[in-house]
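What follows is a single structure, written as structure tokens, with notes after it.
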Amino acid sequence: MTYITERKINKTVERIFFSYKEILQNNANKKRKFIESVDIFFSLKNYDFKKQKKISGIVTLPFTSRYITRICVFTDTEHSLEAKTLGVYFIDFEGLKKLKDKKKTLKKLTKKFHKFLVSEKLLKTVLRFLGPALTRCAKFPSILDHSTSLEEQINQFKKEVRIHFKKNTNTGLVIGNTTQNKEQIKNNIILILNFFFTLIKKKFNIIKAIFVKRTMGACILLN
Numbered sequence: 150m151t152y153i154t155e156r157k158i159n160k161t162v163e164r165i166f167f168s169y170k171e172i173l174q175n176n177a178n179k180k181r182k183f184i185e186s187v188d189i190f191f192s193l194k195n196y197d198f199k200k201q202k203k204i205s206g207i208v209t210l211p212f213t214s215r216y217i218t219r220i221c222v223f224t225d226t227e228h229s230l231e232a233k234t235l236g237v238y239f240i241d242f243e244g245l246k247k248l249k250d251k252k253k254t255l256k257k258l259t260k261k262f263h264k265f266l267v268s269e270k271l272l273k274t275v276l277r278f279l280g281p282a283l284t285r286c287a288k289f290p291s292i293l294d295h296s297t298s299l300e301e302q303i304n305q306f307k308k309e310v311r312i313h314f315k316k317n318t319n320t321g322l323v324i325g326n327t328t329q330n331k332e333q334i335k336n337n338i339i340l341i342l343n344f345f346f347t348l349i350k351k352k353f354n355i356i357k358a359i360f361v362k363r364t365m366g367a368c369i370l371l372n
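Reading the sequence shown from the start, the letters are residues 150 to 372 in my numbering.
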């Protein structure tokens, strides 16, 4: 990775953690009501999405990015039983039928959950009933099979993140949180940067800015 050096990434991670510790010390008597996320943002220049190829892709990070990932599973009979045991929110076939043409309910559902998973048997049904709603919010469901347990697959999918530019040249995504250590944040940043460079075919001249920030922190320019 020559465009952004590892030394630069190390300094960025240090700044994230230093400023976070400083805030904790200054607010020692105040309890945090939430865990801050660490986000990365990409901004492009001289790129026309009407004429040029869309930039979008999914990659698996070394470490889960969110402290809590809200997941909804569209389940067949077997996965329904597993989901119930795990305490995971799920919607079975009968529940899916009730969602058909319920635009307001679907909008609330897509806002509530970070990720959607679907049993392979129900994929066609989900696409028929919910496809447009899930596509609009860039939360297309990942497919579950029965080769491994539901719990294992959920833990794997929690590590997945998507870089997705819609109709403008800016996008961002969660790549960590303040409960993680420096090495975890660093490894997630390195992997997502390499993946982004692959998506743009290493056309570094179209990059306007890449920066990282905590939820309550200042932006830290990477490039």
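C-beta: ideal position from N, C-alpha, C; glycine also.
Which of helix, strand or coil DSSP assigns to residue i
i, result
"Asn330", "coil"
"Asn354", "helix"
"Asn304", "helix"
"Gly366", "coil"
"Ile189", "strand"
"Ser205", "strand"
"Phe223", "strand"
"Ser229", "helix"
"Leu210", "coil"
"Phe289", "coil"
"Arg320", "Going by the sequence as given, residue 320 is Thr instead of Arg. Reduced to three states, the DSSP call for Thr320 is strand."
"Glu155", "helix"
"Phe198", "coil"
"Ile165", "helix"
"Phe346", "helix"
"Ile374", "Beyond the ends of the chain as shown, which are 150 and 372, falls residue 374; an answer cannot be given."
Extent of the continuous beta strand (DSSP E) run through residue i
i, result
"Arg215", "Premise fails: Arg215 is in no beta strand (DSSP E) and is neither H nor E."
"Phe262", "Neither: Phe262 is in no beta strand (DSSP E) and is coded neither H nor E."
"Ile312", "309 to 313"
Classification of residue i by the beta-carbon crowding that lies within 10 angstroms, buried from 16 upward
i, result
"Asp197", "exposed"
"Ser390", "Outside the modelled stretch of the chain, which goes from 150 to 372, sits residue 390, for which no answer is possible."
"Ser298", "exposed"
"Asp250", "exposed"
"Asn175", "The pLDDT assigned to Asn175 is 48, lower than 50, so where the model puts this residue is not dependable, and the model offers no usable value."
"Asp294", "exposed"
"Lys335", "buried"
"Glu243", "exposed"
"Gly325", "buried"
"Leu279", "buried"
"Ser381", "Residue 381 cannot be examined here, being either before or after the span of the chain that is shown, 150 to 372."
"Leu258", "buried"
"Thr320", "buried"
"Ile341", "buried"
"Thr161", "buried"
Does the stretch 247 to 264 touch the stretch 213 to 231, meaning 3 or more C-beta pairs lie closer than 8 Å?
-> yes
When the Cβ atoms of the stretch 262 to 281 are set against those of the stretch 219 to 234, are three or more pairs found closer than 8 Å?
-> yes
Go through the stretch 233 to 277 residue by residue and report every complete run of the beta strand (DSSP E) that reaches 3 residues or more, in order.
-> 238 to 240, 264 to 268
When the Cβ atoms of the stretch 302 to 316 are set against those of the stretch 272 to 282, are three or more pairs found closer than 8 Å?
-> no
Could you tell me whether the stretch 187 to 203 touches the stretch 353 to 362, using the rule of 3 or more Cβ pairs below 8 Å?
-> yes
Between the stretch 329 to 344 and the stretch 204 to 216, do at least 3 Cβ pairs fall closer than 8 Å?
-> yes
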